[in-house]
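Remarks on the structure that follows.
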Amino acid sequence: MPVILLNFTQSALNKIKVPTKEEKIIQFRDTKERNLLLIISYTGFRRFYLVINIGGRYYKIKIGTSPDLTVKEARKKVMKLKKDIANGIHPMEERRKINRERREKRHKRLELQNGLTFGHVADKYRNRRKRFGLRFNLISDIYNFELR
Numbered sequence: 001m002p003v004i005l006l007n008f009t010q011s012a013l014n015k016i017k018v019p020t021k022e023e024k025i026i027q028f029r030d031t032k033e034r035n036l037l038l039i040i041s042y043t044g045f046r047r048f049y050l051v052i053n054i055g056g057r058y059y060k061i062k063i064g065t066s067p068d069l070t071v072k073e074a075r076k077k078v079m080k081l082k083k084d085i086a087n088g089i090h091p092m093e094e095r096r097k098i099n100r101e102r103r104e105k106r107h108k109r110l111e112l113q114n115g116l117t118f119g120h121v122a123d124k125y126r127n128r129r130k131r132f133g134l135r136f137n138l139i140s141d142i143y144n145f146e147l148r
């Protein structure tokens with residue numbers, strides 16, 4: 001899917017038509033801030049992204065949605081994130097750290113509410129069935145559901 005260069009203004013973004021279901025998405029890149037990307041889906045949802053290469057890896061970091069975020073605000077967020085990256089702060093690592101802390105808090109809360117979780121049963125099952133070559137990643141996503 002080609003990326004279309006466009007000078008982002010509110011009026012220009014409002015004039016963009018929603019893609020058809022066959023096209024699925026349309027991608028636009030800002031001419032003033034080259035790292036700012038707007039993706040419009042066929043459902044009409046518009047998202048701003050920071051597109052950047054950090055250490056040889058390509059990252060697409062979500063900034064916000066179009067009606068909630070103006071073009072100026074999106075450009076300011078892109079500039080702030082680029083400054084953070086230049087100072088050695090990786091925004092994706094920060095988000096992963098926050099999400100990891102949230103998961104740990106949720107896990108502890110579930111353990112306090114119920115003594116038995118799917119995670120406990122899954123751990124026991126994995127430990128008992130190691131010799132049969134169970135694929136551990138099959139049950140890693142469904143970890144803390146309550147059993148009754």
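If you read the sequence shown in the UniProt record's numbering, its first letter stands for residue 1, the second for the next number, and so on. All residues carry an ideal CB built from backbone N, CA and C; glycine is no exception.
Inter-residue Cα distance where the pair is residue i and residue j
i	j	result
I16	M92	30 Å
V18	G44	6 Å
S11	R126	57 Å
D84	K24	33 Å
D68	G119	38 Å
K124	P2	49 Å
E73	E104	32 Å
T20	R96	34 Å
N7	A86	25 Å
8 Å contact criterion, which residue i and residue j should meet: CB distance rounded
i	j	result
L81	L50	5 Å
L5	S66	About 18 Å separates the two Cβ atoms, so there is no contact after all.
Y59	I52	6 Å
Simplified DSSP state of residue i, which is helix, strand or coil
i	result
D68	coil
Y125	helix
F45	coil
V78	helix
N99	helix
N14	helix
F28	strand
K105	helix
D141	Residue confidence for D141 is low, a pLDDT of 46 falling below 50, so the modelled location carries little weight and cannot support an answer.
I89	coil
C-beta atoms of residue i and residue j nearer than 8 Å
i	j	result
R75	L36	yes
F48	I26	no
When the options are compared against residue i, the one with the closest alpha-carbon
i	options	result
K77	N87, I61 and T9	I61
R57	T20, K32, R95 and H90	H90
E33	S41, V71, N87 and I40	V71
G88	R102, E101 and G55	G55
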